[in-house]
Amino acid sequence: MARPLVTVHVAQSLDGRIGIEGRATPLSTAEGRAYAHAMRASHDAVLVGASTVRIDDPRLTVRDGSEAEARSPLRVVLASSLDLPRGARVFGGDGRSIVIGAEGRVRAEERAALEAAGVAVIVGPRSEDGRVAVEGALTILAERGVRRLLVEGGSKVLTSFLRAKCVDSLSVEIATRLLGSPGTGMLGAIGVGAIGEAPSLTGVTVERLGENVIVRGDVVYA
386 MARPLVTVHV
396 AQSLDGRIGI
406 EGRATPLSTA
416 EGRAYAHAMR
426 ASHDAVLVGA
436 STVRIDDPRL
446 TVRDGSEAEA
456 RSPLRVVLAS
466 SLDLPRGARV
476 FGGDGRSIVI
486 GAEGRVRAEE
496 RAALEAAGVA
506 VIVGPRSEDG
516 RVAVEGALTI
526 LAERGVRRLL
536 VEGGSKVLTS
546 FLRAKCVDSL
556 SVEIATRLLG
566 SPGTGMLGAI
576 GVGAIGEAPS
586 LTGVTVERLG
596 ENVIVRGDVV
606 YA
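Numbering (my numbering), first residue to last: 386 to 607.
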């Protein structure tokens, strides 16, 4: 079974930071938020990591029109040990949330609490670093009918998807702000030891979103 097509969408500062460490850091303009909601509406599922849920507490729904709820995607959280706040807005109470944990790291009491709240919990393969294996997560989602997946972060999740060469297109909203250190960088190590090994973009477009700009393109791996 073919894996879903994966688009990464992220907002970052002018110096490549996606947030102030440990704190919710809104970087998108109103136009950028509308763009993000439109992207969600065009995908079958939207995925984030556990840290994003704990820090930003996103809804991951579509909220840009009267038919928004009908177009809201499946909400997916990668959480190796299922260590998530029970009242997180991503769970929504509508049965359209999935948490994928890592084999050997899922605790029974955490799983029971999430399932009691109406959240589907699936245990997937574990990667060498103890996290949910990206390829395994994509297989799980494909089996549930997901053909187009939007990944919104955070840094660890984006890094894992790029290391696995499982990002097909990239959309980066660049804010006209500087965060500096200890801001969280967009990416960790993705296995690039020389410029010739770096992934690049093709078919690049650049658009203004209020005071921000958005850069889009398809990912090409070396």
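Cβ coordinates follow ideal geometry from the N, Cα and C atoms, glycine included. Every value quoted in this text rests on a predicted model; they were computed, and no experiment measured them.
So is Arg593 buried or exposed if we call it buried at 16+ other beta carbons inside 10 Å? Here Arg593 is exposed. Its C-beta has fewer than 16 other C-beta atoms within 10 Å.
So, helix, strand or coil for Ser451, using DSSP? With a pLDDT of 42 at Ser451, under the threshold of 50, the predicted position of this residue should be treated as unreliable, and no value is reported.
For Ile580, write down the residues that DSSP places opposite it in a beta bridge. None, per the DSSP bridge assignment.
First through last residue of the alpha helix (DSSP H) which encompasses Thr544: Start and end: Ser540 to Arg548.
For Gly417, which three-state DSSP category applies? Here DSSP, grouped into helix, strand and coil, assigns Gly417 to helix.
Own chain partners of Ala409 with C-beta closer than 8 Å, once the 5 adjacent residues on each side are dropped: So the list reads Ile440, Asp441 and Asp442, once near-sequence residues are dropped.
Helix, strand or coil: how does DSSP classify Glu537 here? Strand.
Buried or exposed for Glu537, please, with buried defined as at least 16 other CB atoms from any protein chain shown within 10 angstroms of its CB. By the neighbour-count definition (other C-beta atoms within 10 Å, threshold 16), Glu537 is a buried residue.
Would you call the CB atoms of Gly434 and Gly539 closer than 8 Å? The answer is yes: Cβ separation under 8 Å.
On the three-state DSSP scale, how would you describe Arg456? Three-state result, Arg456: helix.
According to DSSP, residues forming a beta bridge with Ile575: Looking at the DSSP output, Ile575 shares a beta bridge with no other residue.
Hey, would you say Arg425 sits closer than 8 Å to Cys551, going by beta carbons? Contact flag unset, no.
Going by the DSSP bridge assignment, what does Ala505 pair with across the sheet? As a beta-bridge residue in DSSP terms, Ala505 pairs with Ile483.
Opening and closing residue of the beta strand (DSSP E) in which Leu594 lies: Per DSSP, Leu594 belongs to the beta strand (DSSP E) from Ser585 to Leu594.
Classification of Arg471 by the beta-carbon crowding that lies within 10 angstroms, buried from 16 upward: Exposed, because fewer than 16 other Cβ atoms sit within 10 Å of the Cβ of Arg471.
Give me, in chain order, the residues of the same chain whose beta-carbon lies closer than 6 Å to that of Tyr611; leave out the 5 immediate sequence neighbours on both sides. For the chain, the structure presents residues 386 to 607; residue 611 sits outside this window and is missing.
Identify whether Val438 lies in helix, strand or coil by the three-state DSSP scheme. If DSSP states are grouped into helix, strand and coil, Val438 belongs with the helices.
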